[in-house]
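Chains as they are written, first to last, in my numbering: chain A, 1 to 200; chain B, 1 to 422.
All C-beta atoms in this analysis are idealised placements derived from N, C-alpha and C, irrespective of residue type, glycine included.
Step one of this worksheet: look at the structure below.
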């Protein structure tokens, strides 16, 4: 299973290089095209290395390069649809999650030599984690699509200072969401688990 | 605690927002939404605090190098459900896992108990601490984790490996009065026939040699060779400069194996055996009898690690002042010290009988380098130098050149049990 995880991570890294490569058709100058291609190939190689050596942090370079070419060119040069760009952003997110899971679970799965209850339980944990990650990615993509009409209202501040305030507010919202597990009023209040039954 | 993935997502979101406001593009803002949704879902699934009771049981608390020890762990979840709990038992590198794993993932419901076991084989002697147990609960999305560490630790004492040297005749060459198993070449109490003499009043009837009496027509009595005990002191060279090779197969470890094997053999034949170890400190075990003395020697050897820069001459000083003068000295050293010959000659000068058991450093290195042609040439040159040095030493002592990959008993086969004749 470790091998499957690693192969999946490599395939994801290579597959995610295809959309940015397709965006290169808008680059007409030969040297620019060559430079961009070299950068993309370098990023893909780093990504494959990160997948093979289980170093998800190294894949940040790959993510940044893929994002710059795939999303940057898609947004401002080739004028891709939002649905396409969303799918690509979620794909990049999925690639990173897969690399992270391969690094976290791979060494343990690789160490199992015999098939026993412990290895089966470990495999179940990994499969559940992969399944939930896939579901969360699907929710992220589906939810983003559902929220798209809100972005087409044309409402909101047009004044630069108001726009800056809105940006700061949005960043604060992002940070608040990220801090939720430690503050955890939501988890404590809403998702309180049922108390454990008394010991027999 | 958040993983680096959260930082990456936040960084990506921030870049997209900045880009959106710089380029005044609502589509760039829209791309932040899936990242935020993923973070939000991750926040809902964040793991609870890890509260797990741990019990660790070892099948043996004392063992020897190469013998398997089973470590059994029982975990009881005393908190909320831990959907992805990573459990890792901290082990020393010298403990080789041969069955099961000390690193597992498990899903633990509240009050649920989980047991797992693994088997380790120590490759180097020593006193090991197994644990603490590290537990890390992960969320399934890879965004958050909670860690805990169980203070439960177990100690495992690993004695050095012992070689079978039962057939080897390594005994002290000078004996003392107490009865033992060493033939003394003197008449006394024993089982080995020595000579015949005329019967004297008081001789035991069972010692009368009846065939000889019949031939000579007068009473003749058998005399026996007295069996006494002697003293032996083993000097182990565990200095840093004497260590060659990887730790598990180093000359120091081979020397420790030889030391404990010889000590067991010497004590088994009712002799006293002592020990001097040259390492960071010069520590010793005064000669004593029996199994308890063997345990003392083993306990002293368990903690020996190569180190220190004592000169070899200090051993002569200690032996001459604190140990019996007629003791058999067994020096266990790879003989990398240029002054080894001087020291052995000095010990002979002090009246000690000396046996040198030398784990060959060049054989250890040869085993490490394999069939490299340059290494083979170097080996031949070094072997000639070593043979010349050993030949020189043989003028003062019995020298056993031991290839640690071979049994010690084979190398000790040529050792003579009787005093040297000059």
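{"Item": "Beta-carbon gap between residue 85 of chain A and residue 27 of chain B smaller than 8 Å", "Value": "yes"}
{"Item": "Cβ pair residue 279 of chain B, residue 307 of chain B closer than 8 Å", "Value": "yes"}
{"Item": "Distance CB(residue 188 of chain B)-CB(residue 224 of chain B) smaller than 8 Å", "Value": "yes"}
{"Item": "DSSP three-state assignment for residue 134 of chain B, whether helix, strand or coil", "Value": "strand"}
{"Item": "Chain B within 8 Å of residue 61 of chain A, Cβ atoms only", "Value": "no"}
{"Item": "Buried versus exposed call for residue 38 of chain B [16 or more other C-beta atoms within 10 Å across all chains shown]", "Value": "buried"}
{"Item": "Same chain, Cβ closer than 7 Å to residue 90 of chain B, five either side skipped, listed in chain order", "Value": "131, 132 and 134"}
{"Item": "Residues of the stretch 104 to 127 of chain A whose Cβ lies closer than 9 Å to any Cβ of chain B, in chain order", "Value": "104, 105, 107, 108, 109, 111, 112, 113, 114, 116, 117, 118, 119, 121, 122, 123, 124, 125 and 126"}
{"Item": "Selected residue, minimal CA-CA separation from residue 109 of chain A, among A:100, A:81 and A:126", "Value": "A:126"}
{"Item": "Run of the alpha helix (DSSP H) containing residue 62 of chain A, from where it starts to where it stops", "Value": "59 to 66"}
{"Item": "Burial state of residue 316 of chain B (16 or more Cβ within 10 Å)", "Value": "buried"}
{"Item": "Nearest to residue 87 of chain A (by Cα), restricted to the options B:368, B:74, B:35 and B:63", "Value": "B:35"}
{"Item": "Same chain, Cβ closer than 7 Å to residue 412 of chain B, neighbours up to 5 away in sequence not counted", "Value": "165, 168, 170 and 400"}
{"Item": "Per DSSP, the bridge partner or partners of residue 200 of chain B", "Value": "None, per the DSSP bridge assignment."}
{"Item": "Beta-carbon spacing of residue 118 of chain B, residue 140 of chain B below 8 Å", "Value": "no"}
{"Item": "Extent of the continuous alpha helix (DSSP H) to which residue 383 of chain B belongs", "Value": "373 to 393"}
{"Item": "Proximal residues, the stretch 21 to 41 of chain B versus chain A, C-beta separation under 8 Å", "Value": "21, 23, 25, 26, 27, 28, 29, 30, 31, 32, 33, 34, 35, 36, 37, 38, 39, 40 and 41"}
{"Item": "Inter-residue Cα distance where the pair is residue 234 of chain B and residue 305 of chain B", "Value": "17 Å"}
{"Item": "Straight-line gap, residue 197 of chain B to residue 221 of chain B (C-alpha atoms, nearest Å)", "Value": "5 Å"}
{"Item": "Cβ separation of residue 118 of chain A and residue 104 of chain B, assumed to be a contact under 8 Å, to the nearest whole Å", "Value": "5 Å"}
{"Item": "Within 7 Å of chain B by C-beta, residues of the stretch 79 to 96 of chain A in sequence order", "Value": "82, 85, 86, 89, 90, 93 and 96"}
{"Item": "Distance between residue 157 of chain B and residue 314 of chain B (C-alpha atoms, nearest Å)", "Value": "30 Å"}
{"Item": "Exposed unless 16 or more other CB atoms sit within 10 angstroms - verdict on residue 31 of chain A", "Value": "exposed"}
{"Item": "Buried versus exposed call for residue 265 of chain B [16 or more other C-beta atoms within 10 Å across all chains shown]", "Value": "buried"}
{"Item": "Contacts around residue 205 of chain A, its chain only, beta-carbon distance under 8 Å, and the 5 residues preceding and following it disregarded", "Value": "Absent from the model: residue 205 of chain A. The displayed extent of chain A is 1 to 200, so no value can be given."}
{"Item": "Three or more C-beta pairs below 8 Å linking the stretch 48 to 67 of chain A and the stretch 90 to 100 of chain A", "Value": "yes"}
{"Item": "When B:405, B:270, B:372 and B:211 are compared against residue 232 of chain B, the one with the closest alpha-carbon", "Value": "B:270"}
{"Item": "Span of the beta strand (DSSP E) around residue 284 of chain B", "Value": "282 to 288"}
{"Item": "Continuous alpha helix (DSSP H) stretch holding residue 100 of chain A: start and end", "Value": "82 to 111"}
{"Item": "Closer than 8 Å to chain A by CB, residue 400 of chain B", "Value": "no"}
{"Item": "Collapsed DSSP secondary structure at residue 118 of chain B in the structure displayed", "Value": "strand"}
{"Item": "With 16 other Cβ atoms within 10 Å as the buried cut-off, status of residue 423 of chain B", "Value": "Given a span of 1 to 422 for chain B in the structure shown, any question on residue 423 of chain B remains unanswerable."}
{"Item": "Euclidean distance between Cα positions of residue 272 of chain B and residue 252 of chain B", "Value": "24 Å"}
{"Item": "Beta-carbon proximity check, residue 8 of chain B vs residue 143 of chain B, cutoff 8 Å", "Value": "no"}
{"Item": "Identity of the residue in B:212, B:383 and B:52 nearest residue 427 of chain B by Cα", "Value": "Look at the range of chain B in this structure, 1 to 422, and you will see that residue 427 of chain B is not part of it."}
{"Item": "Best match in A:8, A:107, A:149 and A:18 for proximity to residue 74 of chain A [C-alpha to C-alpha]", "Value": "A:18"}
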